[in-house]
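Here the sequence shown is numbered in our numbering, starting from 153 and rising by one per residue. Worksheet: one structure, shown below.
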Amino acid sequence: MFTLIDLPYAPNALEPVISAQTLSFHHGKHLQAYVDNLNKLLHGSGLENLALEDIVKKSNGAIFNNAGQILNHNLYFTQFAPAPATEPTGKLAAQIAKQWGSVDAFKAEFEAKGVGLFGSGWVWLAAEADGTLIICQEPNAGNPITKGLTPLLTFDVWEHAYYLDYQNRRAGHLSALWGIVNWTEIERRYGK
Ligand code: MN
């Protein structure tokens, strides 16, 4: 049985970037529904005892969609903080500088790939085994873990992530999200 993760901050802590109302629907309704759906679907599937990451790697169809959405949202909600370090440091910062030249150039490509993703999905910063970084678009419930990459940072571009606060302004939402990205957590995931 999987359970809904607790948010590591108060419901209104990410305002005005993400409102308490959006968090209450996104975490309390959308993510809760994926958890409930997966628990029903896993019954009798033979995948009941696997870790979430392994279910995502081994499944397809409805089980993949719900497990992927749980993994994606767990990574998404735990990467934010109300007053985070605003820039990456250490080896992650050095790798971004090496590949993009500047954090601003990296952010511009990340936002453009989020804006340019047609329909619902996720834009990801992921790492290859040697530490090389890649920005990738994944439709629907996709996660770069299925391609052998380590997921580091993700912006949810499903409309449920921003419509109450930003309506159709996906670009404005993605741009604002940088203000709450907890780079300390992204660096921990990078592990370098
Ligand atoms: Mn979502």
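Glycine included, every Cβ here is placed at the ideal spot set by N, Cα and C. Fair warning: this is a prediction, and the values are worked out from it, not measured in the lab.
Over the uninterrupted alpha helix (DSSP H) stretch that includes Leu-227, give me the two end residues. That run of the alpha helix (DSSP H) goes 213-229.
Inter-residue spacing [alpha-carbon to alpha-carbon] between Asn-189 and Gly-294: 17 angstroms
For a test of the three-state rule: what should DSSP assign to Asp-308, helix, strand or coil? strand
Alpha carbon to alpha carbon, what distance is there between Ser-254 and Thr-238? 14 angstroms
Spatially closest choice to Phe-270 from Asn-292, Ala-278, Asn-218 and Gly-196, by CA coordinates: Asn-292
Could you give the DSSP three-state label for Phe-270: helix, strand or coil? coil
Leaving aside the five residues before and after Val-229 along the sequence, list all residues of the same chain whose C-beta is less than 7 angstroms from its C-beta, in chain order. A quick correction: the sequence has Phe, not Val, at residue 229. Residues Ile-157, Leu-159 and His-179 of the same chain have their beta carbon placed closer than 7 angstroms to that of Phe-229, with the five preceding and five following residues left out of the count.
Taking 7 angstroms as the line, does the beta carbon of His-179 fall inside it for any heavy atom of ligand 1? Placement of the Cβ of His-179 at a distance of 7 angstroms or more from every heavy atom of ligand 1 is found.
For the putative contact between Leu-199 and Glu-339, defined by C-beta atoms under 8 angstroms, what is the C-beta separation to the nearest angstrom? Leu-199 to Glu-339, Cβ: 32 angstroms. No contact.
By a C-beta neighbour count over all protein chains shown, 10 Å radius and 16 as the cutoff for buried, is Ser-211 buried or exposed? buried
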